[in-house]
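Asks:
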Amino acid sequence: MPELPEVETIAKGVDARVRGQRIERVWTSGKPQTFKSSEAEIVETLRGARIERVRRVGKTIVMDLARRGNKAAQFLVHLGMTGRLLVSQPEVELPPHTHAVLSLGDGRELRFVDPRRFGRLSVVTEAGGYTGPGAEPTTISAEEFSKLFKGRRLAIKAALLNQSILHGVGNIYADESLFRAGIRPRKQAGRLTGAELARLHSALQQVLAHAIEMGGSSVSDYVDADGVRGFFQLEHKVYGRAGEDCLDCGSALKKIVVGGRTTIYCPKCQR
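Residue numbers are given in the numbering used here: position 144 of the sequence shown equals residue 294, and the series is strictly consecutive.
#1: Return the Cβ separation of Ile201 and Ile173 in integer angstroms, given the expectation that the two are a contact with Cβ distance under 8 Å.
#2: Please classify Leu244 as buried or exposed, where buried requires at least 16 other C-beta atoms within 10 Å of its C-beta.
#3: Count the other C-beta atoms from every protein chain shown that fall within 10 angstroms of the C-beta of Cys396, then say buried if there are 16 or more, exposed otherwise.
#4: In the DSSP assignment, find the beta strand (DSSP E) that holds Phe262 and state where it starts and stops.
#5: Where do the N-terminal and C-terminal ends of the beta strand (DSSP E) with Leu236 fall, by residue?
#6: Is Asp214 helix, strand or coil when you go by DSSP?
#7: Going by other Cβ atoms of all chains shown within 10 Å of its Cβ, with 16 needed for buried, is Val164 buried or exposed?
#8: Apply the 10 Å Cβ neighbour rule to Asp214 and answer buried if 16 or more other Cβ atoms are within range, or exposed otherwise.
#9: Please go through the same chain and pick out, in chain order, the residues whose beta-carbon is closer than 6 Å to the beta-carbon of Leu347, but skip the five residues on each side of it.
#10: Over what stretch of residues does the beta strand (DSSP E) that includes Glu286 continue unbroken?
#11: To the nearest angstrom, report how far apart Asn220 and Thr281 are at their CA atoms.
#12: Might you give, ordered along the chain, the residues of its own chain that have their beta carbon closer than 6 Å to the beta carbon of Arg330, omitting 5 neighbours on each side?
#13: Alpha carbon to alpha carbon, what distance is there between Arg261 and Asp374?
#14: Excluding the five sequence neighbours on either side, which residues of its own chain have a C-beta within less than 7 Å of the C-beta of Gln313, listed in chain order?
#15: In the DSSP assignment, the beta strand (DSSP E) including Ser253 goes from what residue to what residue?
#16: Among the residues of its own chain, which have a CB less than 6 Å from the CB of Thr178, if the five just before and after it don't count?
#17: Where does Cys399 land, buried or exposed, given buried means 16+ other C-beta within 10 angstroms?
#18: So, under 8 Å CB-CB, Ala305 and Gly409 are touching, yes? Tell me the CB distance rounded to an integer number of Å.
#19: Check the DSSP bridge columns for Thr281 and list the partner residues they point to.
#20: Can you tell me which of the three DSSP states Gln356 falls into?
#21: Leaving out the 5 sequence neighbours to the left and right, which residues in its chain are closer than 7 Å to Gly255 when beta-carbon positions are compared?
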């Protein structure tokens with residue numbers, strides 16, 4: 151599933167290509183599990199609206215819209231496991247498993263493609279809009295970050311993945327950040343020391359920033375708005391490397407399950 155850096159990369163790419171465009175027509179596939187809002191509501195909200203901005207909130211792409219009569223709305227795109235948001239010329243063949251097409255004023259199309267249909271499309275018209283379930287990891291202060299885990303009994307890896315605590319972090323960046331902070335993934339979140347939490351805060355923000363710079367990690371179906379793969383997978387120190395040598399100390403990396411998720415760590419570097 152695309153995580154924060156991948157969603158950020160897609161949102162920025164789409165924003166650069168479609169900001170200011172008016173949505174002339176909307177086509178939807180009729181596959182019910184794709185649509186969190188009804189298709190009729192999505193079409194009614196999007197058609198004729200102007201795209202003010204495309205941004206990321208947690209793992210969700212948020213398209214801010216200006217509608218007739220100065221009414222604001224948002225189009226939310228959650229990519230799920232295999233979702234892609236592509237900007238294409240209309241003559242480019244429509245990919246299989248396309249579930250929504252937004253025809254823009256300049257003739258181009260914004261297409262949502264999702265083979266496995268775990269992605270979700272919805273609209274928000276209420277005041278205040280979508281804010282996400284948890285804290286934003288790229289901007290949270292070290293002090294506020296530490297407060298998130300106070301008294302929590304769950305493992306720190308599971309806490310990082312809990313979107314109601316910290317939204318946007320997934321398996322890849324939790325493993326990579328814990329390795330760089332030297333913290334075992336099964337350590338109880340509420341028992342981490344101030345120094346450990348400070349290291350984790352710094353490691354997480356550095357990993358996320360670097361991954362965004364490199365266009366995210368392409369380990370499955372992820373591509374950006376132009377269909378281009380990311381490169382941060384070349385920088386992975388633990389994720390996907392179970393049984394291989396640690397790049398820092400040479401020990402064999404171990405695989406365990408934490409909170410139902412496969413987790414890779416170094417038994418020597420992480421304590």
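Beta carbons are placed, not taken as given, at the ideal position from N, Cα and C, and that holds for glycine.
Replies: Working from what's here:
#1: 7 Å
#2: exposed
#3: buried
#4: Glu259 to Val263
#5: Arg234 to Ser238
#6: strand
#7: buried
#8: buried
#9: Ser296
#10: Taken as a continuous stretch (DSSP letters only), Glu286 belongs to no beta strand (DSSP E), as it is neither H nor E.
#11: 21 Å
#12: Ala353
#13: Note on Asp374: pLDDT 48, under 50, position unreliable in the model; no value is reported.
#14: Gly208, Pro283 and Gly284
#15: Thr248 to Leu254
#16: Glu189 and Ala250
#17: exposed
#18: 6 Å
#19: DSSP output for Thr281 lists no bridge partner at all.
#20: helix
#21: Gln171, Arg172 and Glu174
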